[in-house]
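If you're matching them up, the sequences are chains A and B in order. If you count by our numbering, then the first sequence holds residues 32 to 401, one letter each, in order. If you count by our numbering, then the second sequence holds residues 373 to 575, one letter each, in order. Note that beta-carbon positions come from the ideal geometry of N, C-alpha and C, so glycine has one too. Working notes for the structure below.
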Amino acid sequence: MRLLRASIRNFRNLESAELELGPRFTALIGQNGQGKTNTLEALYLIAALRPLRNVPRSALIRHGAESAHVALTVERQSTGLTHALSLELKGASRVLQKDGKKAETGSFLGHAVTVAFTPDDLALGKGSPEGRRRFLDRALLNVRPAYLVRALRFQKAIKERNRVLIDQGKDEVLDAYDQVIASEGAGIMVERARYIRELGPRAASHFARIADPAPTLSLAYAASLDEGLDPSSEAQTREAYLAKLLRRRPLDRKRRTTSVGPHHDDLELMLDGHRVKDRASQGQHRALALALKLAELTDLAERLQEPPILLLDDMSSELDPVRSGQLFDCVRRLEGQVILTSTEPPRGLEASGHLVEYDVAQGQVTRRHP
Amino acid sequence: MERRKVDPIARLIQALSRLPGVGEKSATRMAFYVLRQGPTFAADLAESLLEATQRVSLCARCQNLTDQAECGICADPQRDVRVLCVVENVQDLRAIERSQEFKGRYHVLHGTLAPLEGIGPEGIKVKELLSRLAGSDRSVEELIVATNPSVEGEATALYLQRVLQPMGFTVTRIASGLPIGGDFEYADPATISRALSGRQRMS
Ligand SMILES: Nc1ncnc2c1ncn2[C@@H]1O[C@H](COP(=O)(O)OP(=O)(O)O)[C@@H](O)[C@H]1O
Ligand SMILES: [Mg+2]
Ligand SMILES: [Zn+2]
């Protein structure tokens with residue numbers, strides 16, 4: 032998968048930007064606050080249909096403009112086909128087009144499979160369960176676009192069920208919502224559990240290589256459904272979830288919120304059998320985040336049978352030279368396309384050839400000629 | 373002081389842009405088209421709008437739109453009175469009629485459950501459904517729930533099943549084949565036909 036060209040209009044502080052992306056490395060260089068992350072954000076949004084940073088859609092439209100527009104030309108190596116993707120944000124609405132025709136989320140996703148690695152990800156182990164669920168969900172939407180469709184339906188159903196709880200609605204209405212939630216929620220839990228099982232050994236081996244000294248890293252899915260979750264059977268999991276929703280209903284009615292389900296689950300990270308949160312050092316936390324991201328990336332490359340696109344935000348300043356070197360070694364071996372931001376021109380990438388550089392200043396993105 | 377009159381063209385454009393799917397640009401185009409056609413055309417348009425809104429009301433039986441007490445479908449003796457197809461709205465009913473695959477009667481809910489908008493079972497035509505099943509339509513055996521595959525459509529179908537199944541009705545759900553996130557009223561007849569014949573018992 033390769034991004035050929037991107038065109039961005041009225042997105043954040045970018046009034047109009049045109050980029051021709053290098054086949055390997057493209058660097059966006061500039062001082063802070065100029066629009067580098069905004070550029071990555073535009074690319075990530077059209078590729079993953081999720082925001083890179085957690086903000087409402089309306090914040091992405093340039094102040095004073097009515098709508099924002101991002102267009103992308105992508106080439107898929109495995110098929111040799113080129114696709115034109117476009118996304119428009121107007122008010123709270125979003126319009127997607129693929130090859131000139133209106134498209135839905137499910138058929139739009141998967142054409143520019145992209146992994147983003149940002150400074151926020153470095154807090155993966157230390158931060159809230161929400162951050163780790165987000166990591167899982169972002170990784171899974173790349174594995175299977177249908178996962179995102181399910182996750183969005185689940186979110187909506189939870190919001191609606193909670194509203195029924197608040198309005199003290201009828202039991203028959205809750206029965207109906209429990210079924211929708213159990214169907215979508217079981218799928219989400221099963222997919223997450225399976226994914227974690229595959230990611231675990233991969234993350235452990237990256238961690239063993241990166242961290243020094245390196246305790247043994249293991250991953251587990253901490254599900255609020257407990258033993259009810261059966262990764263080998265979505266149908267069984269659904270039944271267990273449905274039963275638990277029913278058992279918890281009196282409590283949920285009292286608290287006016289849905290207390291069990293994938294929206295309360297966590298990715299548990301352990302070093303030598305102890306929870307990372309209680310014991311890891313600062314350096315280990317960084318190594319851990321890097322190991323998880325590398326595991327996600329290499330796993331995805333294997334599944335797709337071609338490397339995904341990687342967006343790196345400020346990584347050269349966030350990681351020490353050794354870690355940064357380890358990241359780039361792995362990235363070089365994958366031979367995928369990388370788009371990175373930095374305050375300084377990156378060193379050591381020219382050697383691998385094809386380094387394309389852009390200067391970003393006050394929302395203007397201009398090609399730097401050697 | 374002389375009272376300023378509203379510009380009639382601006383008023384027409386504003387009125388037209390209140391229609392669904394019509395933005396200011398299309399409204400402007402329509403307005404100038406109407407002006408070019410002249411008063412006979414405009415009178416005919418105005419009259420048909422008025423007549424439709426004054427004479428059309430809900431069918432007493434199925435809640436379809438009709439200018440009679442009962443709609444043409446309910447009044448048709450050829451229709452199978454044992455099967456009811458429950459739809460969200462009249463557009464969906466019409467889409468299914470176009471496919472000519474369904475020989476039973478309908479019930480139009482005029483909406484779905486939508487808790488975030490404060491719409492519960494009382495906000496749609498469920499009460500009317502239950503009363504016709506207990507009264508004038510006791511011959512119904514099967515209900516095919518053809519709500520959209522959206523979260524709200526799904527929840528509404530499951531709600532109906534939850535209420536109707538204990539009363540002894542067979543409740544089926546049209547099979548997918550309808551694109552998730554897609555809208556029923558735009559589905560082509562072939563898709564609708566496949567969805568109807570592949571309907572599944574809800575349990
Ligand atoms: N909707 C918006 N309209 C205009 N400017 C915006 C908008 N959102 C953010 N900005 C501006 O973008 C700049 C930050 O850009 P960013 O890409 O995060 O910087 P950096 O180059 O450090 O990564 C800030 O000056 C901010 O005011
Ligand atoms: Mg930045
Ligand atoms: Zn009728």
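Exposed or buried, R184 of chain A, counting other C-beta atoms within 10 Å across all chains shown (16 or more means buried)?
In the assembly as shown, R184 of chain A is a buried residue. Its beta-carbon has 16 or more other beta-carbons within 10 Å.
CB contact flag (L505 of chain B, Y478 of chain B, <8 Å):
Not closer than 8 Å, so no.
In or out: N85 of chain A buried (at least 16 other Cβ within 10 Å) or exposed?
With fewer than 16 other beta carbons inside 10 angstroms of its own, N85 of chain A counts as exposed.
Could you tell me whether the Cβ atoms of R40 of chain A and E51 of chain A are closer together than 8 Å?
Going by C-beta atoms, R40 of chain A is not nearer than 8 Å to E51 of chain A.
Residues with a Cβ closer than 7 Å to any heavy atom of ligand 2, in chain order?
Proximity to ligand 2 was defined by a C-beta distance below 7 Å to any of its heavy atoms, and the residues meeting it, in sequence along the chain, are A:N63, A:K67, A:T68, A:D344, A:D345 and A:T372.
F238 of chain A, DSSP secondary structure in three states:
DSSP places F238 of chain A within a helical segment (H, G or I) once states are collapsed to three.
Have a look at K499 of chain B and P493 of chain B and give me their C-alpha separation to the nearest angstrom.
Their Cα atoms are separated by approximately 8 Å.
Out of B:I381, B:L515 and B:N461, state which residue places its alpha-carbon closest to the alpha-carbon of R452 of chain B.
Per the sequence presented here, residue 452 of chain B reads as Asp, with Arg not at that position. Checking every option, the nearest Cα to that of D452 of chain B belongs to B:L515.
Leaving out the 5 sequence neighbours to the left and right, which residues in its chain are closer than 7 Å to I197 of chain A when beta-carbon positions are compared?
Answer for I197 of chain A: R287, listed in chain order.
Can the beta-carbon of E229 of chain A be found closer than 8 Å to that of D151 of chain A?
Taking 8 Å as the Cβ cut-off, E229 of chain A and D151 of chain A do not qualify as a contacting pair.
For the alpha helix (DSSP H) holding D303 of chain A, just list the boundary residues, first then last.
According to the DSSP assignment, D303 of chain A belongs to no alpha helix (DSSP H), since it is labelled neither H nor E.
Tell me which residues pass a beta-carbon proximity test against ligand 3: closer than 5 Å to any heavy atom, given in chain order.
By the rule of a C-beta closer than 5 Å to any heavy atom of ligand 3, the residues picked out are B:C431, B:R433, B:C434, B:N436, B:C443 and B:C446.
Within 8 Å (strictly less), CB to CB, does A547 of chain B reach chain A?
Closer than 8 Å: no.
Would you list the residues sitting across from V543 of chain B in a DSSP beta bridge?
Paired residue(s): B:L515.
Do you know whose CA, among A:L276, A:P338, A:Y178 and A:L248, lies nearest Q315 of chain A's CA?
Here the closest residue by C-alpha is A:L248.
Segments assigned beta strand (DSSP E), at least 3 residues, entirely inside the stretch 271 to 317 of chain A
For the stretch 271 to 317 of chain A, whole beta strand (DSSP E) runs of length 3 or above, ordered along the chain, are 297 to 302.
Please work out which residues of its chain come closer than 7 Å, Cβ to Cβ, to P82 of chain A, disregarding the five sequence neighbours upstream and downstream, and give them in chain order.
Here the set comprises L76.
State yes or no: is the beta carbon of A188 of chain A nearer than 8 Å to at least one beta carbon in chain B?
Residue-level contact check: A188 of chain A touches chain B, since one or more beta carbons of chain B fall below 8 Å from its beta carbon.
Secondary structure at N461 of chain B, three-state DSSP: helix, strand or coil?
Secondary structure at N461 of chain B: coil, using DSSP grouped into helix, strand and coil.
Would you please state the rounded distance, in angstroms, between the beta carbons of L276 of chain A and A217 of chain A? I believe it to be under 8 Å.
The Cβ separation is near 11 Å, so there is no contact.
Any heavy atom of ligand 1 closer than 7 Å to the beta-carbon of N85 of chain A?
Checking every heavy atom of ligand 1 against the Cβ of N85 of chain A, none is found closer than 7 Å.
Run the CB neighbour count on K324 of chain A, radius 10 Å, all protein chains shown included, and call it buried at 16 or more, exposed below.
K324 of chain A comes out buried.
Using a Cβ cut-off of 9 Å, pull out every chain A residue sitting near R390 of chain B, in sequence order please.
When 9 Å is used as the limit between beta carbons, R390 of chain B is near no residue of chain A, the shortest such separation being about 18 Å.
In chain A, which residues lie with their C-beta within 9 Å of the C-beta of G492 of chain B?
One finds V195, D198, G200, K201 and V204 in chain A with Cβ atoms closer than 9 Å to the Cβ of G492 of chain B, taken in chain order.
Heavy atom of ligand 1 within 7 Å of R43 of chain A beta-carbon
When distances are taken from the beta-carbon of R43 of chain A to the heavy atoms of ligand 1, the shortest one is below 7 Å.
Could I get the ranges of all uninterrupted alpha helix (DSSP H) runs contained in the stretch 71 to 144 of chain A, with 4 residues as the minimum, in chain order?
List check, alpha helix (DSSP H) in window: 136 to 139.
Please report the residue range of the alpha helix (DSSP H) in which T247 of chain A lies.
Taken as a continuous stretch (DSSP letters only), T247 of chain A belongs to no alpha helix (DSSP H), as it is neither H nor E.
Alpha carbon to alpha carbon, what distance is there between G525 of chain B and R194 of chain A?
Their Cα atoms are separated by approximately 17 Å.
Tell me whether L91 of chain A, by its Cβ, gets closer than 7 Å to a heavy atom of ligand 1.
Taking the Cβ of L91 of chain A as the reference point, at least one heavy atom of ligand 1 falls within a distance shorter than 7 Å.
So L485 of chain B packs on A518 of chain B, CB below 8 Å; how close in whole Å?
Rounded to whole angstroms, the Cβ separation of L485 of chain B and A518 of chain B is 15 Å, and the two are not in contact under 8 Å.
Is R383 of chain B close to chain A? Criterion is C-beta to C-beta, closer than 8 Å.
Contact of R383 of chain B with chain A is not assigned, every C-beta pair being separated by 8 Å or more.
Rounded to the nearest angstrom, what separates D581 of chain B and A547 of chain B at their Cα positions?
Past the boundaries of the shown model lies residue 581 of chain B; chain B is included only from 373 to 575, so the question cannot be answered.
So is R184 of chain A in contact with chain B if we call contact Cβ pairs under 8 Å?
Interface residue, yes.
Please check if any C-beta of chain B sits within less than 8 Å of the C-beta of A207 of chain A.
For A207 of chain A, the nearest CB of chain B lies under 8 Å from its own CB, placing it at the interface with that chain.
Of the listed residues A:E106, A:D283 and A:A392, nearest to D202 of chain A (C-alpha basis):
In this structure, A:D283 is the residue among A:E106, A:D283 and A:A392 with its C-alpha nearest to the C-alpha of D202 of chain A.
Regarding V391 of chain A and ligand 1, is the C-beta to nearest heavy atom distance less than 7 Å?
Distance from the C-beta of V391 of chain A to the nearest heavy atom of ligand 1 is below 7 Å.
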